[in-house]
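Numbering (our numbering), first residue to last: 1 to 334.
Cβ coordinates follow ideal geometry from the N, Cα and C atoms, glycine included.
Working notes, structure below.
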């Protein structure tokens, strides 16, 4: 019962955006800022829960602030600028920053990023009303489509998909936050909303699905081939039955997926990284955090996607995962 009360209270706190800086009593307490995500999205809640737990259990050593953020793109940009010590990020944004390409083209490659752990593979949530004639991506031509706030990692992914499918100049783009977009979809002011799922759909889409029938768009076989050929970090997977709302929820539905990771500045102390992993991976804590957001359940030492990019694992994380007996790619140890 106490756990349930703790979880519900925590969700209420973070949904209201009450994640500001608290009062730290001891001067020796180290302070860190962790980027989260936008209102209506899962990252805001998940990061907030992790920070709350870390602050409670390591209060004599650290104080973390869960900073409001537009999402992955903003998180990485603020890490590059030195404003965030740690954050969650999509693999495509990590790749761009590490190599100085894409959204980070023209900037010096950012080589101070380090990986703590894999979090989850996310689906691209492409939602419309069930009564809409829109069935797949090609049907988006001429339609009003929301991509989420500008700092969200889903924005460049959606844009890249449109480019691969020849839809770049055919879609009417909007950039409302996730909550505003879901309401606009429900009210008929938006044809489609696109956002990173949590891992399959955003909380705001789940909310409107309780009052209006929705459909999750699935890529056709031809669309999937074109996208996978152009975007190596995306793959077509399936949403398991009864794991997301909407039309045909009782069967598997196709979607594009990609990986996300917990990353930090290379300068973040090894002990701090080791300690936060130890707290969030402790079985009871992992279970508790997983009730707030399931990303914490799948979080672990899966570095297969990172091997393709070459971003090193943080030394504090290397120490932790080696103690757990996890295999660490030698090329990712610096």
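Please look up how many angstroms separate the CB atoms of residue 205 and residue 259, rounded, as I've assumed it's under 8 Å.
-> Residue 205 sits at position 205 when you count from the first residue of the chain shown. Residue 259 sits at position 259 when you count from the first residue of the chain shown. Not really, about 21 Å apart at Cβ, beyond 8 Å.
In angstroms, rounded to a whole number, what distance separates the CA positions of residue 195 and residue 318?
-> The sequence position of residue 195 within the chain shown is 195, counting from 1. The sequence position of residue 318 within the chain shown is 318, counting from 1. So the two alpha carbons sit approximately 32 Å from each other.
Look up residue 196 in the DSSP assignment and say whether it is helix, strand or coil.
-> As a working mapping, residue 196 is identified with position 196 in the chain shown. Reduced to three states, the DSSP call for residue 196 is strand.
Roughly how many angstroms separate the alpha carbons of residue 121 and residue 255, rounded to a whole number?
-> Here residue 121 refers to the residue found at position 121 of the chain shown. Here residue 255 refers to the residue found at position 255 of the chain shown. Each residue's alpha carbon lies about 11 Å from the other.
Rounded distance between the beta-carbons of residue 151 and residue 36, thought under 8 Å | On the chain shown, position 36 is the one that residue 36 refers to. On the chain shown, position 151 is the one that residue 151 refers to. Rounded, the Cβ-Cβ distance is 11 Å, inconsistent with contact.
Beta carbon of residue 275: closer than 7 Å to some heavy atom of the ligand GTP?
-> The ligand GTP is absent from the structure shown, which contains no ligand whatsoever.
According to DSSP, is residue 138 helix, strand or coil?
-> Residue numbering aside, residue 138 sits at position 138 when the chain shown is read from its first letter. If DSSP states are grouped into helix, strand and coil, residue 138 belongs with the helices.
Could you tell me whether the Cβ atoms of residue 199 and residue 272 are closer together than 8 Å?
-> One-based indexing of the chain shown puts residue 199 at position 199. One-based indexing of the chain shown puts residue 272 at position 272. Contact: no.
Inter-residue Cα distance where the pair is residue 109 and residue 263 | Numbered from its first residue, the chain shown carries residue 109 at position 109. Numbered from its first residue, the chain shown carries residue 263 at position 263. For residue 109 and residue 263, the distance between alpha carbons rounds to 16 Å.
Reference residue 177; option with closest CA among 277, 154, 223 = Within the chain shown, the letter at position 177 stands for residue 177. The candidate whose alpha carbon is nearest that of residue 177 is 154.
DSSP state of residue 264, grouped into three classes?
-> Locating residue 264 in the chain shown gives position 264, counting from the first residue. Here residue 264 sits in strand by DSSP.
Is DSSP giving residue 248 helix, strand or coil here?
-> As a working mapping, residue 248 is identified with position 248 in the chain shown. In the structure shown, residue 248 sits in coil (DSSP, three-state: anything other than H, G, I, E or B).
Opening and closing residue of the alpha helix (DSSP H) in which residue 178 lies = Counting from one through the chain shown, the residue named residue 178 turns up at place 178. It spans 178 to 186 - the alpha helix (DSSP H) in which residue 178 sits, taken as one unbroken run.
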